[in-house]
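Participant: Count along the sequence shown starting at 1, add 164, and that's the number in my numbering.
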Amino acid sequence: MDVLDLARIQFGVTTVYHFLFVPVTIGLSLVVAILQTMWRSTGKTVYLRATKFWGKLFLINIAMGVVTGIVQEFQFGMNWSAYSRFVGDVFGAPLAFEALVAFFLESTFIGIWIFGWDRLRPGLHLACIWLVAFGTVASAYFILAANAFMQNPVGYQLNETAGRAELTDFGAVLTNPVALAAFPHTVFASWLTAGVVVVAVSGYHFMHRRDLDVHRPAMRLGVLTTLIGGLGLVLSGDSLGKVMTATQPMKMAAAEALYQTTYSAPFSVLTIGSLDGRHGTPIIEIPGLLSFLATGSFSGRVEGINDLNAQYNDLFGPGDYIPYIPLTYWTFRAMIGFGLLAMAMAVIVWWSTRRGRLPAHRLFWPVVMWMALTPFLANSSGWIFTEMGRQPWVVFSLYQTSEAVSPRVGAATVLTSLIGFTLVYLILAVIALKLFFKYAKAGPPAEETALASSSPSDDPDKPMAFAY
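1. Starting from the C-beta of T350, find all residues in its chain whose C-beta is less than 7 angstroms away, skip the five residues before and the five after it, and write them out in chain order.
2. Can you tell me where the alpha helix (DSSP H) with Y423 in it begins and where it stops?
3. Please report the distance separating the alpha-carbon of M552 from that of F268.
4. Mind checking which residues open and close the alpha helix (DSSP H) that includes N316?
5. Considering only the alpha carbon of each residue, which of L288, H372, A310, E324 lies closest to M533?
6. Do M499 and V466 have their beta-carbon atoms positioned less than 8 angstroms apart in this structure?
7. Leaving out the 5 sequence neighbours to the left and right, which residues in its chain are closer than 8 angstroms to P487 when beta-carbon positions are compared?
8. With H, G and I counted as helix, E and B as strand and the rest as coil, what does DSSP make of R572?
9. Taking C-alpha atoms, which residue in K406, K220, V235 lies nearest to F183?
10. Indicate whether D375 and H369 have their beta-carbon atoms separated by less than 8 angstroms.
11. Curious, which full-length alpha helix (DSSP H) runs of at least 4 residues does the segment 434-511 contain?
12. From the DSSP output, read off the bridge partner residues of E270.
13. Quick one: Cα of L170 to Cα of V559, how far?
14. Of the residues R380, L259, F238, which one's Cα is nearest the Cα of G520?
15. Whose C-alpha, out of I224, N225, V196, I293, is nearest the C-alpha of Y211?
16. For my contact list, A266 and F306 are in at a C-beta cut-off of 8 angstroms; report their separation, rounded to the angstrom.
17. State whether the segment 571-588 contacts the segment 388-400, with contact taken as three or more CB pairs (one from each stretch) at a distance under 8 angstroms.
18. Quick one: what's Y563 bridged to in DSSP?
19. What are the residues that DSSP puts in a beta bridge with F431?
20. Shortest alpha-carbon distance to E324 belongs to which of T272, V251, I274, F261?
21. Give the secondary structure of E324 by DSSP, where H, G and I count as helix, E and B as strand, and everything else as coil.
22. Considering only the beta carbon of each residue, do V387 and G359 sit closer than 8 angstroms?
23. Report the partner residues of L331 according to the DSSP bridge assignment.
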């Protein structure tokens with residue numbers, strides 16, 4: 165493999181790994197904020213115990229997300245310096261806002277929330293966790309705005325002399341149609357992910373019949389969060405599909421492996437094709453569905469890969485502008501399929517636990533716990549499709565991936581850093597999973613412990629204490 169292949173693999177590994185934590189952080193911040201709000205509004209200590217329990221798991225996750233996210237910043241200078249030079253003036257603006265506004269907001273108030281349980285007035289302390297939840301969402305928006313420029317470049321001018329894109333309209337970058345469509349889709353995916361995690365962890369305690377007074381309301385909240393997130397994904401995905409068709413028609417064609425321009429284009433659930441992806445035979449397909457996803461009409465026209473490739477050759481010069489079809493085809497279906505499985509699991513759990521029921525089959529809760537993998541597989545598949553479907557462009561229509569790699573970094577250097585990052589990430593994965601499973605199995609704190617650590621102190625000289 166050459167430098168380009170290794171650099172792409174390294175960026176893929178670090179990005180997918182980091183994004184395992186991001187949706188859980190966004191979703192769990194909301195869950196914890198809701199649980200604490202329910203405690204403050206009802207006075208029921210079960211909600212306080214649930215807040216403490218899920219707050220601890222939330223902190224483990226957010227710490228791992230911050231650590232793995234730092235590496236993302238390094239990538240642009242290490243392996244993609246040509247890309248950084250070309251697009252840094254535009255790409256850096258939303259990332260700077262993410263760090264200076266959203267991340268500072270999030271990190272400041274998470275610290276106040278952790279140490280302020282017995283020092284702040286209850287309403288002020290509750291406001292802190294809501295500000296954290298808002299910060300996580302704002303952070304996601306700025307990052308998606310930066311990524312959206314790669315999908316649909318706006319708000320720039322091309323400086324031919326300097327050979328780089330220069331920012332002319334920051335408002336256009338922030339209101340990029342791709343960002344506006346991708347943002348709700350990402351937030352709903354985060355809610356679905358956090359909801360499934362809550363259901364799975366609560367399911368463990370249901371299986372062992374422990375602290376059901378705490379885990380039953382958490383289970384209901386997890387199911388509700390999963391279903392709201394899933395339904396939101398369906399609606400926002402429909403909008404995102406139409407924006408994707410308007411801005412990157414090749415990506416939509418690659419999602420279906422549609423080589424010929426077609427009216428009433430079907431959506432294939434299963435296709436058997438050649439190894440290079442150039443030919444396929446649909447086995448199960450839904451008539452007109454791809455046209456509806458792309459245009460809003462079951463009889464709409466969807467441009468095919470061959471026609472689009474010919475257009476791009478005329479516009480951008482001779483070349484192959486077709487992404488790797490087997491990967492785009494199957495990741496698109498994995499994203500949808502695993503998301504639907506997560507929603508189905510939530511419905512089954514809700515039905516099986518309604519009115520105080522406890523499922524008796526010995527395999528029920530183990531299956532529910534394993535289903536916690538489904539949203540992570542859906543999220544990873546979605547990001548792989550999003551980024552691979554854009555190839556061979558790193559910035560669509562402006563800059564190809566082959567041009568973006570660092571010119572003075574050799575294959576041995578990238579391979580060494582790839583092995584190093586992978587080993588470090590494996591170690592971090594072991595640590596994160598051990599911590600998460602340890603405290604998830606331990607269960608919520610006792611009522612006396614939770615109340616003792618949450619009562620405001622009248623002593624102004626009392627030192628702050630870590631509440632977890």
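All residues carry an ideal CB built from backbone N, CA and C; glycine is no exception.
Facilitator: Per the coordinate set shown:
1. Counting only Cβ-Cβ distances below 7 angstroms, and skipping sequence neighbours, we find A304, L308.
2. Taken as a continuous stretch (DSSP letters only), Y423 belongs to no alpha helix (DSSP H), as it is neither H nor E.
3. Those two C-alpha atoms are separated by around 31 angstroms.
4. Where N316 is concerned, there is no enclosing alpha helix (DSSP H), given that its DSSP letter is neither H nor E.
5. Checking every option, the nearest Cα to that of M533 belongs to H372.
6. V466 places its beta carbon 8 angstroms or farther from that of M499.
7. Cβ neighbours of P487 beyond the five flanking positions: M414, K415, A418, M552, G553, R554, Q555, P556.
8. Looking at R572 - three-state DSSP - the assignment turns out to be coil, as it is neither helix nor strand.
9. For the options K406, K220, V235, the alpha carbon positioned closest to that of F183 is the one of V235.
10. Cβ atoms of D375 and H369: closer than 8 angstroms.
11. If we require 4 residues or more, the alpha helix (DSSP H) runs fully inside the segment 434-511 come out as 453-459, 469-480.
12. DSSP lists no partner for E270.
13. Looking at the backbone, the Cα of L170 and that of V559 are separated by about 19 angstroms.
14. Closest by C-alpha distance to G520, out of R380, L259, F238, is R380.
15. Closest option to Y211, Cα to Cα, is V196.
16. Beta-carbon to beta-carbon, A266 and F306 are separated by about 6 angstroms, close enough to satisfy the 8 angstroms threshold.
17. Flag = no, the segment 571-588 and the segment 388-400 do not touch.
18. Note: Y563 sits in a beta bridge opposite V559.
19. In DSSP, F431 forms a bridge with I450.
20. Cα-wise, what sits closest to E324 is V251.
21. It is coil, neither helix nor strand.
22. Yes.
23. DSSP, once it has assigned bridges, lists Y320 as partnering L331.
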